[in-house]
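Quick note: the sequence shown uses our numbering, first residue 9, plus one each step.
Every residue gets a Cβ at the ideal spot worked out from N, C-alpha and C, and that includes glycine.
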Amino acid sequence: MVNSQISRLAAAHKALQECLWTVRLDELSSLAPMGRIENALRRSNKGFDDWMHKLLAVARKTAPYTYCDYSHYGLGASALAFDGKKLGVIGGANCENGAYTPTKHAEEAAVCNAQSAGYMYRARQNGLKKTEWLIALGVWDPNDLLNPVPCNLCRQFLLEFGRDLLIIGPGPEKHLVNATTLKIITPGAFVPEMVKSVLPKVS
Ligand SMILES: [Zn+2]
Numbered sequence: 009m010v011n012s013q014i015s016r017l018a019a020a021h022k023a024l025q026e027c028l029w030t031v032r033l034d035e036l037s038s039l040a041p042m043g044r045i046e047n048a049l050r051r052s053n054k055g056f057d058d059w060m061h062k063l064l065a066v067a068r069k070t071a072p073y074t075y076c077d078y079s080h081y082g083l084g085a086s087a088l089a090f091d092g093k094k095l096g097v098i099g100g101a102n103c104e105n106g107a108y109t110p111t112k113h114a115e116e117a118a119v120c121n122a123q124s125a126g127y128m129y130r131a132r133q134n135g136l137k138k139t140e141w142l143i144a145l146g147v148w149d150p151n152d153l154l155n156p157v158p159c160n161l162c163r164q165f166l167l168e169f170g171r172d173l174l175i176i177g178p179g180p181e182k183h184l185v186n187a188t189t190l191k192i193i194t195p196g197a198f199v200p201e202m203v204k205s206v207l208p209k210v211s
């Protein structure tokens with residue numbers, strides 16, 4: 009490998025480390041939109057750390073369901089969704105396709121599963137915006153790369169539902185997780201508001 013490639017890889021690795029923190033489950037609340045879900049947490053009789061534990065457990069449980077005959081890179085994901093009253097965790101696994109492009113990533117699957125289960129619909133009925141129902145995303149990589157950072161396609165997909173999203177994956181030890189937020193990993197992002205500002209109004 010030539011030197012320039014090595015230095016590019018090193019720079020990418022460093023950039024990734026700078027946007028990922030290794031924290032305890034009970035420290036994650038400082039990275040999440042807690043005000044919005046305070047009442048739901050109280051009603052659930054669970055702390056935010058319990059929900060984070062469940063988020064990772066569902067991502068891990070979903071990972072074996074992956075269909076990855078082409079890349080052999082399976083991934084499980086899970087979404088912590090809020091419908092305005094209660095919280096729920098829904099899993100999703102990647103689903104590849106022989107034509108490659110129609111492949112669905114695990115993060116997309118988890119969020120679409122939560123949306124299809126009615127979380128966003130009910131959240132809107134309860135007066136929340138489309139950017140307020142998706143609270144956290146869990147990512148479980150069975151290859152133990154300890155890297156919960158979604159690919160750029162998934163980042164764009166997730167941006168539709170707001171930038172506050174907390175993203176977690178397993179950490180180097182059992183009581184630790186690797187965490188980041190969508191806002192941190194999408195500087196200068198293309199957001200839905202931009203489309204609204206440039207397109208003519210449809211009557
Ligand atoms: Zn992806």
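Any heavy atom of ligand 1 within a distance shorter than 6 angstroms of the CB on residue i?
{"i": "H80", "result": "no"}
By the DSSP assignment, the beta strand (DSSP E) with residue i in it spans what residues?
{"i": "T30", "result": "W29 to R32"}
{"i": "A87", "result": "G84 to F90"}
{"i": "L39", "result": "From DSSP, L39 is part of no beta strand (DSSP E); its letter is neither H nor E."}
{"i": "A101", "result": "L95 to A101"}
Where do the ends of the alpha helix (DSSP H) carrying residue i lie?
{"i": "N121", "result": "A114 to S124"}
{"i": "L184", "result": "Unbroken run through L184 is the beta strand (DSSP E), L184 to T189; no alpha helix (DSSP H)."}
{"i": "A49", "result": "Strictly speaking, residue 49 in this sequence is Leu, with Ala absent from that position. Run containing L49: M42 to S52, per the alpha helix (DSSP H) assignment."}
{"i": "A65", "result": "F56 to T70"}
What does the shell around ligand 1 hold, if a residue joins when its beta-carbon is under 6 angstroms from any heavy atom?
H113, E115, P158, C159, L161 and C162
Touch test, the segment 140 to 148 against the segment 78 to 89, Cβ-Cβ under 8 angstroms, three pairs minimum:
yes
Examine the Cβ distances between the segment 171 to 188 and the segment 60 to 70 and report whether three or more of them are shorter than 8 angstroms.
yes
Would you call the segment 42 to 55 and the segment 193 to 202 in contact, with 3 or more CB pairs under 8 angstroms?
no
At 4 residues or longer, what runs of the alpha helix (DSSP H) sit wholly inside the segment 133 to 198?
160 to 167 and 190 to 193
Count the CB pairs spanning the segment 157 to 176 and the segment 115 to 130 that are closer than 8 angstroms, and state whether there are at least three.
yes
With three or more beta-carbon pairs closer than 8 angstroms as the criterion, would you say the segment 123 to 142 touches the segment 104 to 113?
no
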